[in-house]
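Colleague: After the structure tokens below, expect a handful of questions from me.
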Amino acid sequence: MSTFTSRLQLEKPSPSDLMSDGGTTLAANYIKIDDVAGFPLVTSATRPGTPFTGQTIRESDTQNNRFWDGSKWAYFGNESNQREDVLLNTDSTSLTATAETVFRSQSFTATNGRRYRIDFCSYIEIVANVTARAVAKIRWANGASVTTASTLLYSDVIQVNSAGVTGRSIRDFTELNYTGVTGQITIGWFFENIDAQSTGYGLTTDGMDVESSFAIRDWGD
Amino acid sequence: MTTTTRLALYEPTDTEVVNVVTAIDEQLDIIDDAAVATECTSSTRPITNLYAGRLAYETDTRLLIRYNGTVWQNMTGSFKRPRGKIGFTSTTTSSSAIAENAESGVLLSLTWTALAGRKYAVYFGGSVAVVAGNDASAAYKIRKANGATVTNTSTLVFTFGADADDNSTGLSTRHDGFCEHSPNAGEITIGLFLARPATGDAKTVQSASYQYLAIEDVE
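Protein chains in written order, with the numbering used here: chain A, 124 to 344; chain B, 114 to 332.
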């Protein structure tokens, strides 16, 4: 009675099998070997349904080379290279404050030895009075939350004029070179008005709803 | 008896009466083990039938490794890699002046073939100058359309506050921003526009100085 190999399910005939069946068995085995040779061309919708660990494919629609790591179709690359985003999003989050207050934040699992680039852009407008200096700050902390006492990564001043008429924009980035134990950290984007005037961040401008972007990405080691 | 050069598969001679177990079954086991990338751990890497180019996948480190003829080398990580620049364009030509409740453009645009499941970052910037009146509210807008053309009625992707402040040097104010976009697969065009909200005033502004639009595959 035949048995089967564990990965490709190749049929191994027993010594007592009739040789007249041998051709059929061999042909079926060759087809299975042929099917997985190199990087078989599939699409993201037609990946092999029962892959074995280490199996490789090429997706024609996404142009991805991938391999089955035992639980998912993983990607090829070099360990030192830039990796996928931790966060890249845009929305209409707004804030009106005088004291330093968190504007956006994101928790994720940071890996020891990796560098994380934090990009941000927003629109800032005076809500009361005429001019003010708004300070944008990036802080980070271990764990699931970040506060105004957390480690400061970045700080810069933006001069804002003309209450309710014209605002200023900010667009900048900084880096966290993470050398701690691999685990959860939180990065926060804060605003503070050092002139103690009420300032709006990411508000509407004359009824036009404006947005802000906050991005964190692993950009190498 | 001869064997193949890489996997050392048993090659019977034409006249040999073969043993099914040794000539077929054991060879199939070798093929099965080596197929594409051998499944192993970092402590059980293949030590027989090694050849330059042989692949193995370490389940404990989640690394795909390749034997270079001497040692095993890492090939992969389990990460979706950014692919970098898609396009970049810039100009120093000023846009036409726009009044309240109007939109100028397309100022700059880029067309490319988006891939399924990819995420793109859109970077843009320019100076917004006062043409008539004083402080004027305005915004840069990013719009998208399928195909090769984008207009000021195309789908809005992002709106970024970009007011013109007449207290600024040269009566213009610099604004740079970015946003993300995950389009459907196929040809797509992203465009940069400048708009003024419906304020009812007589102020006009224009996009001036160095203006740019860049698109990067980030995930």
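Don't be surprised by glycine CBs; every beta carbon is placed ideally from N, CA and C.
Using CA atoms only, rank isn't needed, just tell me which of B:Y236, B:E300, B:A227 and B:I199 is closest to L211 (chain A).
Modeller: With distances taken between Cα atoms, L211 (chain A) lies closest to B:Y236.
Colleague: In the DSSP assignment, what are the bridge partners of R309 (chain B)?
Modeller: Its beta-bridge partners are B:A215.
Colleague: When the Cα atoms are used, what is the spatial distance from D318 (chain A) to T254 (chain A)?
Modeller: Each residue's Cα considered, the two are about 9 Å apart.
Colleague: Taking all protein chains shown into account, decide if I281 (chain A) is buried (16 or more other Cβ within 10 angstroms of its Cβ) or exposed.
Modeller: Classification for I281 (chain A): buried.
Colleague: Across which residues does DSSP place I281 (chain A) in a beta bridge pair?
Modeller: Paired residue(s): A:A257.
Colleague: Could you tell me which of B:Q186, B:G238, B:L122 and B:A252 sits nearest to I328 (chain B), measuring between CA atoms?
Modeller: I328 (chain B) has its Cα closest to that of B:G238, out of B:Q186, B:G238, B:L122 and B:A252.
Colleague: At a CB-CB cut-off below 7 Å, which residues of chain B make contact with T329 (chain A)?
Modeller: One detail in the question is off: residue 329 (chain A) reads as Asp in this sequence, not Thr. Residues of chain B passing the Cβ test: S250, P310 and T312.
Colleague: Quick one: what does DSSP say N152 (chain A) is sitting in, helix, strand or coil?
Modeller: In this structure, N152 (chain A) counts as helix in the three-state DSSP scheme.
Colleague: For W225 (chain B), list the residues DSSP reports as bridge partners.
Modeller: The partner list for W225 (chain B) (beta bridge, DSSP) reads B:I301.
Colleague: Below 7 Å CB to CB, which residues in the same chain sit around N181 (chain B) once its five sequence neighbours on both sides are set aside?
Modeller: Same-chain partners within the cutoff: A165.
Colleague: In whole angstroms, what separates the C-alpha of V184 (chain B) from that of G266 (chain A)?
Modeller: Taking the straight line from one Cα to the other gives about 39 Å.
Colleague: With DSSP as the reference, label T126 (chain A) as helix, strand or coil.
Modeller: If DSSP states are grouped into helix, strand and coil, T126 (chain A) belongs with the strands.
Colleague: When the cut-off is 7 Å and only beta carbons count, does T174 (chain B) lie next to chain A?
Modeller: Judged by the 7 Å Cβ criterion, T174 (chain B) is not in contact with chain A.
Colleague: Which residue's Cα is closest to the Cα of T205 (chain B): B:D330, B:S320 and B:E332?
Modeller: Of B:D330, B:S320 and B:E332, the residue nearest in Cα terms is B:S320.
Colleague: Looking only at its chain, what residues have a beta carbon closer than 7 Å to the beta carbon of M188 (chain B), apart from the 5 residues adjacent to it on each side?
Modeller: The residues are L177, I178 and R179.
Colleague: For F95 (chain A), would you say it is in contact with chain B, using Cβ-to-Cβ distances shorter than 7 Å as the test?
Modeller: The question about residue 95 (chain A) has no answer, for chain A in this structure spans 124 to 344.
Colleague: Closer than 7 Å, CB to CB, is D145 (chain B) near chain A or not?
Modeller: Chain A contact via Cβ: present.
Colleague: At the 7 Å Cβ level, is D333 (chain B) part of the contact set with chain A, yes or no?
Modeller: One cannot answer for residue 333 (chain B) here, as it falls past the ends of chain B, which runs 114 to 332.
Colleague: Got a sec? Which residues, its chain only, sit under 7 Å from Y324 (chain A) by beta carbon, not counting five neighbours each side?
Modeller: Cβ neighbours of Y324 (chain A) beyond the five flanking positions: S217, L218, F226, S245, I247 and F314.
Colleague: For D158 (chain A), does the three-state DSSP call read helix, strand or coil?
Modeller: Correct three-state label for D158 (chain A): helix.
Colleague: Beta-carbon of S183 (chain A) versus every beta-carbon of chain B: anything under 7 Å?
Modeller: Chain B, which has no Cβ nearer than 7 Å to the Cβ of S183 (chain A), makes this no.
Colleague: Name the residues in the region 123-134 of chain B whose C-beta lies less than 7 Å from a C-beta of chain A; which are they?
Modeller: The residues in question are V133 and V134.
Colleague: Quick check on the burial criterion: 16 or more other C-beta atoms within 10 angstroms. Buried or exposed for I199 (chain B)?
Modeller: Result: buried.
Colleague: Quick one: list the residues of chain B neighbouring E334 (chain A), beta-carbon separation under 9 Å, in chain order.
Modeller: Simply F271, T272, F273, G274, G290 and C292.
Colleague: For E134 (chain A), I'd like the list of residues in its chain whose CB is within less than 7 Å of its CB, leaving aside the five on either flank, ordered along the chain.
Modeller: So the list reads S125, F127, T148, A151 and N152, once near-sequence residues are dropped.
Colleague: Taking the continuous beta strand (DSSP E) assigned at A147 (chain B), which residues delimit it?
Modeller: Here A147 (chain B) belongs to no beta strand (DSSP E); instead the alpha helix (DSSP H) covers E139 to A147.
Colleague: Determine the direct distance from the alpha carbon of A220 (chain A) to that of W191 (chain A), and round the result to whole angstroms.
Modeller: Going from the Cα of W191 (chain A) to the Cα of A220 (chain A) covers about 49 Å.
Colleague: Could you tell me whether any Cβ in chain A is nearer than 7 Å to the Cβ of Y170 (chain B)?
Modeller: Output row for Y170 (chain B): interface = yes.
Colleague: Nearest to T344 (chain B) by alpha carbon, out of B:D276, B:D278, B:A275 and B:K254?
Modeller: Outside the shown range of chain B (114 to 332) lies residue 344 (chain B), about which nothing can therefore be said.
Colleague: Determine which residues share a DSSP beta bridge with I310 (chain A) and list them.
Modeller: Paired residues: A:Q229 and A:W263.
Colleague: Does the distance from the C-beta atom of A261 (chain B) to that of V318 (chain B) stay below 7 Å?
Modeller: Cβ atoms of A261 (chain B) and V318 (chain B): not closer than 7 Å.
Colleague: The beta strand (DSSP E) that contains W342 (chain A), what's its start and end?
Modeller: Careful: W342 (chain A) lies outside any beta strand (DSSP E) and carries neither H nor E.
Colleague: Who are the Cβ neighbours of N300 (chain A) in its own chain at under 6 Å, not counting the five residues just before and after it?
Modeller: Only R238 meet the Cβ criterion.
Colleague: Please go through the region 240-299 of chain B and give each complete beta strand (DSSP E) segment of 3 or more residues, from N-terminal end onward.
Modeller: If we require 3 residues or more, the beta strand (DSSP E) runs fully inside the region 240-299 of chain B come out as 252-259, 268-274 and 285-294.
Colleague: Is any non-hydrogen atom of the ligand GDP found closer than 6 Å to the C-beta of S335 (chain A), if you look at the structure I gave you?
Modeller: Ligands displayed in this structure: none; no statement on the ligand GDP is therefore possible.
Colleague: For the beta strand (DSSP E) that D330 (chain B) lies in, which residues bound it at each end?
Modeller: Looking at the DSSP string, the run of the beta strand (DSSP E) that includes D330 (chain B) is T317 to D330.
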